[in-house]
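Numbering (the working numbering), first residue to last: 7 to 354. Since the structure comes first, as structure tokens, the remarks are kept for the end.
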Amino acid sequence: MIEVKNLCVELESFRLQDINLTVDEGAYFIVLGPTGAGKTVLLETIAGLYPVESGEIWLSGKEITRLEPEKRGISIVYQDQALFPHLSVEDNIVFGLRLRKQARQEIAASLDWLTELLGISHLLERKPNTLSGGERQKVALARALSTKPQVLLLDEPLSALDPETREAIQRELRRIHDRLKVTTIHVTHDFEEAIALGDYIAVLGEGGIKQVGAPENIFRQPNSEFVARFAMTRNIFAGEVIDRSDGNTVFRTEDAELVVVTDLRGGLHASVRPEDILISPEPLHSSARNSFCGTISSITDKGSTLYLTVTLPPDFVCLVTRRSFEEMGLTEGQKVYITFKASAVHIF
7 MIEVKNLCVE
17 LESFRLQDIN
27 LTVDEGAYFI
37 VLGPTGAGKT
47 VLLETIAGLY
57 PVESGEIWLS
67 GKEITRLEPE
77 KRGISIVYQD
87 QALFPHLSVE
97 DNIVFGLRLR
107 KQARQEIAAS
117 LDWLTELLGI
127 SHLLERKPNT
137 LSGGERQKVA
147 LARALSTKPQ
157 VLLLDEPLSA
167 LDPETREAIQ
177 RELRRIHDRL
187 KVTTIHVTHD
197 FEEAIALGDY
207 IAVLGEGGIK
217 QVGAPENIFR
227 QPNSEFVARF
237 AMTRNIFAGE
247 VIDRSDGNTV
257 FRTEDAELVV
267 VTDLRGGLHA
277 SVRPEDILIS
287 PEPLHSSARN
297 SFCGTISSIT
307 DKGSTLYLTV
317 TLPPDFVCLV
327 TRRSFEEMGL
337 TEGQKVYITF
347 KASAVHIF
């Protein structure tokens with residue numbers, strides 16, 4: 007287990023403030039946030055590369071706040087891999103083991119095991135500049151794992167890869183983690199990547215932790231406008247929750263009233279995920295409590311899916327598959343009906 011307690015780090019004009027995290031042993035933990043949020047600074051501080059202004063870092067019940075980086079039992083992999091260009095793949099992988107003056111037999115055994123695990127035995131004699139992006143990432147991962155770290159830190163490991171390679175390495179990361187059970191902290195700005203890989207997610211923004219939870223909780227129950235926007239909720243409204251005379255609890259904005267299920271009252275925010283909204287050229291007969299008529303004001307094509315903005319007002323963004331879009335014959339400027347359940351409206 008790794009624990010970060012009330013951590014503060016100041017670097018020139020940037021500051022991480024009161025960071026508190028608990029990462030269970032063997033977990034795949036994601037730190038998610040926009041560029042400039044401090045994700046890499048947090049990772050490098052855990053690794054011991056930045057001084058701590060205040061707070062503590064604990065690993066397996068031992069405080070390591072001011073312990074030298076090489077004594078922490080932590081390895082880090084950067085998005086650019088940071089491989090030594092003049093060394094072969096083999097020499098890159100075993101560099102740390104040779105530095106520790108491990109026996110040749112132990113080094114050979116580790117090399118065989120890692121290259122088999124990652125499927126890179128055929129690359130041992132090559133130099134990094136002859137490898138593909140995915141191959142370089144595997145070599146960097148092998149080098150990080152060679153010292154058998156207690157904690158593996160991954161700094162945007164997929165961001166520099168093409169989409170096909172990114173998916174392949176993503177599957178590889180999960181497979182290796184499931185096999186080795188190494189406690190892993192992976193930072194990314196990509197929400198879909200976080201959902202696919204993480205056991206837990208911490209959303210980092212403006213130098214602080216905004217929310218921590220299971221992927222489904224972050225996805226479905228953001229606790230702030232910042233998290234909701236970063237989770238690509240798209241439909242976020244300011245307003246108030248009131249009890250209406252007909253017995254319904256509604257969220258009232260300047261332009262609309264949404265029937266909701268909540269115990270909260272007063273000035274709040276509401277969000278509705280695009281995939282929870284049904285769209286139809288004709289009124290839908292359903293038990294859903296929220297139904298509105300509007301006009302398609304814009305269409306954003308994402309290939310297999312499309313985002314449709316329906317203006318009532320306010321604007322609602324809906325997600326439809328290409329097949330549904332074509333079957334319904336939807337076009338910009340068309341009058342449509344949108345429907346969603348009261349339980350689909352999240353209040354925060």
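Ideal placement from N, C-alpha and C gives every residue a C-beta, glycine not left out. Remember, predicted model here, so these are calculated numbers, not experimental data.
- In this structure the stretch 165 to 178 does not lie against the stretch 97 to 112, because fewer than three pairs of beta carbons, one per stretch, are closer than 8 Å.
- Selection E131, L186, R250, S349 evaluated against Q227 yields S349 as nearest (Cα-Cα).
- Three or more Cβ pairs closer than 8 Å define a contact, and the stretch 256 to 264 falls short of that threshold against the stretch 217 to 233.
- The C-alpha of S94 lies about 7 Å from the C-alpha of P134.
- As far as DSSP is concerned, E288 takes part in no beta bridge.
- Leaving aside the five residues that flank V188 on each side, the residues in its chain whose CB is nearer than 6 Å to its CB run, in chain order, L158.
- Y313 and T306 have their C-alpha atoms some 5 Å from each other.
- I248 carries a strand assignment under DSSP once its states are collapsed to helix, strand and coil.
- One alpha carbon belongs to V342, the other to T41, and they sit about 37 Å apart.
- Here Q143 carries a helix assignment [DSSP, helix/strand/coil].
- Closest option to Q340, judged by alpha-carbon separation, among E288, R329, I353, L186: E288.
- Inside the stretch 125 to 170, DSSP marks whole alpha helix (DSSP H) runs of 4 or more residues at positions 139 to 151, from first to last along the chain.
- Counting along the chain, K341 sits inside the beta strand (DSSP E) bounded by residues 341 to 346.
- Unbroken alpha helix (DSSP H) runs of no fewer than 4 residues, entirely contained in the stretch 265 to 344, are found at 328 to 334, following chain order.
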